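Enquirer: Residue numbering for the first sequence follows the UniProt record's numbering, beginning at 1 and increasing consecutively.
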Amino acid sequence: MKPQSGNTYFQNDNFQSVSNSLSNSASQGLTTPEVEASQIRTVFVTGFPADVTPKEFHNLVRFFTGYEASQLHNKTGVYLQAFALFNNHASAVQACNILNQLPYDAENTLTAKIAHKNLYLKDAPTILRADTTGKVSLNIAWVSPSSPSSSYPVSQAPSASNLPGYLQSDAPVRSPVSGFAPVLNKYDNLPCNTLFIGNLGDSVDEAELRLVFGSLFGFKQLKLICNPRQVGGSQVSCFVEFSSVTAAAAVHASMQGAIFNSSDRGPIRIQYSKNPFGKRSAHPGVAQGIAQGVSAPQLLSHGLMLGDGAPMFLPPGVVPNGGGPPGHHINPGALPFGPGVLGEVSWSNAVSPFPLS
DNA sequence: AGCACA
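1) What separation, rounded to the nearest whole angstrom, lies between the Cα atoms of Asn-227 and Val-212?
2) Look at Ala-247 and Phe-217 and say whether their C-beta atoms are less than 7 Å apart.
3) Mind checking Asn-321: buried by the 16 CB within 10 Å criterion, or exposed?
4) Look up Val-212 in the DSSP assignment and say whether it is helix, strand or coil.
5) Are the segment 236-247 and the segment 173-186 in contact at 8 Å, needing three or more beta carbon pairs?
6) Spatial neighbours of Ala-69 within its chain, please: CB distance less than 7 Å, with the 5 preceding and 5 following residues excluded, ordered by chain position.
7) Let me check understanding here. Comparing Cα to Cα, which of Phe-48, Leu-80, Ala-92, Gly-47 lies closest to Ile-40?
8) So, are the CB atoms of Ala-112 and Val-61 less than 7 Å apart?
9) In chain order, what residues of the same chain have a beta carbon less than 6 Å from the beta carbon of Asp-123, not counting five sequence neighbours either side?
10) Could you round the C-beta distance between Ile-271 and Asn-189 to whole angstroms and report it? I think they count as a contact, below 8 Å.
11) For Pro-326, collect the residues of the same chain with a Cβ closer than 6 Å to its Cβ; drop the 5 residues on either side in sequence, then sort them by chain order.
12) Quick check on Ser-151: does DSSP put it in helix, strand or coil?
13) By the 10 Å Cβ neighbour count, where 16 or more other Cβ atoms means buried, how is Pro-191 classified, buried or exposed?
14) Count the other CB atoms, across all protein chains shown, that sit within 10 Å of the CB of Glu-208; report buried if there are 16 or more and exposed otherwise.
15) Can you list, in chain order, the stretches of the alpha helix (DSSP H) that have 4 or more residues and sit fully within the UniProt domain "RRM" (193-275)?
16) When you compare only the Cα positions, how much space is there between Gln-101 and Phe-57?
17) Taking the DSSP output, what are the residues bridged to Gly-179?
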C-alpha cells in the first residue's frame, strides 16, 4: 500500500479543548474523571504501520458490536493514533480486548486502550461512520475461537485475518457482556497468572465464560467450580489461567465489574487466585491475601471512586487502564475529544440495578 | 467475600 502523502486528514479544528470537556462534565454532575470512566465508549488504538489509512481501520472495526464511527490521525512526528467510537462502554471494552495485542501484520502489533475521552462526532470528512444503509446487518463482535467440546482448549492467537466474530457466522452471537457496574474488591491476592471470578450468576455455564474470556489475549484455560453448600452467595466461581501475569492483570482491570447475560446478582468480582493454576501453595495455611481497599481506582470498570485509589499491584511495565505505553503518554489536550457524546451510554451509576456487593 | 487442580 502506498504511504499517505502529507497529512490530508489531520485537522487542528478536530480538537476540543479540555476545559470545554471538563465544564461539560461538571454540568452533568460529574466532578471527577473517574466518574466519567464508565461512560467512555471510545477505544484508542496504536501500533499501525505508517501507511495505514482511515478506511483500513474502519474496515477492521466496522463489524464490532456497537461500532459507530472511527477516526485515524496521522500527524507528522506523532505515531499513528486511531479512535473507534461505540454506542456503549461494554462494547468498547469488548472491542478493546479483541484489538489489544492483535497482530496487525507481520511487523506490527496493535495496542488498544479505553480512551480518556470520547471521540467527538462532528461533520468532518476524517470521521468514518458505521453503515446506516441496512445492507450491512452483521453485528458480531464475539465468537469464541475455542472448541466448546474440548475441556480446556488453548485459544488460538488472533490475527486481523481470523478475528473472532469477523464474518464467521450468519448467526450473530449475542454479546456476552451487557454492561459494567461498580464492585467492591476489598481483599485481593498477589498478582499471578490466574484469576478467580466471583459473584457469578447461578445459571452461568462454561460456554458463556468461554465467550467472555476465551479469546482475550493470553487466555490459556478456565475451570468452572460449583459449590452447592455455599448459601447466601454465588454458588459458582471460575478460575481463568493466562499465559502471563501481565495478561491476567489486563483482564483483571478491564473486565472487573462486568455484567454477563447470566448475571442475576450483580457484576462479577475478579481477584487474583490464591494459587496459580496447577501450582500448590508453598505454605498452606499461611495467609497470602493483601488488603487492597478496592480493586483499583477502576477507571475502566465503573464510574465510582471507591476508596482512596490505593496502588494497583501491577508488575513492572504494566500500565493501569487509561494509561499510554511507556514513554508515550497521551496529552489529553491534544486529543480530539469533545463533550458532545457524554451521557448517552446504556449504563450509568445512577441506574445500576444492582446494590454494591 | 465464595479459591480447584496438582
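The beta-carbon is built from N, C-alpha and C at its ideal position, and this holds for glycine as well. It should be emphasised that the depicted structure is a prediction, and the values quoted were computed from it without experimental measurement.
Expert: Reading from the atomic positions:
1) For the purposes of this step, residue 227 is identified with residue 227 of the first sequence, where counting begins at 1. For the purposes of this step, residue 212 is identified with residue 212 of the first sequence, where counting begins at 1. C-alpha separation (whole angstroms): 22 Å.
2) As a working note, residue 247 is residue 247 in the first sequence. As a working note, residue 217 is residue 217 in the first sequence. It is a contact, given that the beta carbons lie within the stated cut-off.
3) Within the first sequence, residue 321 is the residue found at index 321, counting from 1. Any answer about Asn-321 is weak, because its pLDDT of 37 lies below 50 and its placement is not dependable; what the coordinates show is given next. Residue burial is scored here from C-beta neighbours: Asn-321 has at least 16 other C-beta atoms within 10 angstroms and is therefore classed as buried.
4) On the first sequence, residue 212 is found 212 positions in, with the first residue counted as 1. Reduced to three states, the DSSP call for Val-212 is helix.
5) no
6) Numbered from 1 along the first sequence, position 69 holds the residue referred to as residue 69. Leu-85, Leu-119, Leu-121, Ile-127, Leu-128, Arg-129, Ala-130, listed in sequence order.
7) Here the question's residue 40 lines up with position 40 in the first sequence. Among Phe-48, Leu-80, Ala-92, Gly-47, the Cα nearest to that of Ile-40 belongs to Ala-92.
8) Here residue 112 is taken as the residue at index 112 of the first sequence, counted from 1. Here residue 61 is taken as the residue at index 61 of the first sequence, counted from 1. Result no, Cβ atoms of Ala-112 and Val-61 do not sit closer than 7 Å.
9) Along the first sequence, one-based indexing puts residue 123 at 123. If we look at Asp-123 and ignore the five residues flanking it on each side, it has no Cβ neighbours.
10) Indexing the first sequence from 1 puts residue 271 at position 271. Indexing the first sequence from 1 puts residue 189 at position 189. Inspection of the sequence shows that residue 271 is occupied by Gln rather than by Ile. Going by Cβ atoms, the distance from Gln-271 to Asn-189 rounds to 6 Å, so yes, they are a contact pair.
11) Position 326 of the first sequence, counted from the first residue, corresponds to residue 326. Here Pro-326 scores only 32 on pLDDT, less than 50, and its place in the model is too uncertain to base an answer on.
12) As a first step, residue 151 must be located in the first sequence, where it is residue number 151. Annotation note: pLDDT 32 at Ser-151 (below 50); position unreliable, coordinate value reported separately. It is coil, neither helix nor strand.
13) Residue mapping note: residue 191 aligns to position 191 of the first sequence, counting from 1. When all chains shown are included, Pro-191 counts as buried.
14) For the purposes of this step, residue 208 is taken as the residue at position 208 of the first sequence. It is buried - the Cβ of Glu-208 has at least 16 other Cβ atoms within 10 Å.
15) 206-213, 245-254
16) Stepping through the first sequence from its first residue, residue 101 is reached at position 101. Stepping through the first sequence from its first residue, residue 57 is reached at position 57. The straight-line gap from Cα to Cα measures roughly 15 Å.
17) The residue you call residue 179 lines up with position 179 of the first sequence. Paired residue(s): Ile-259.
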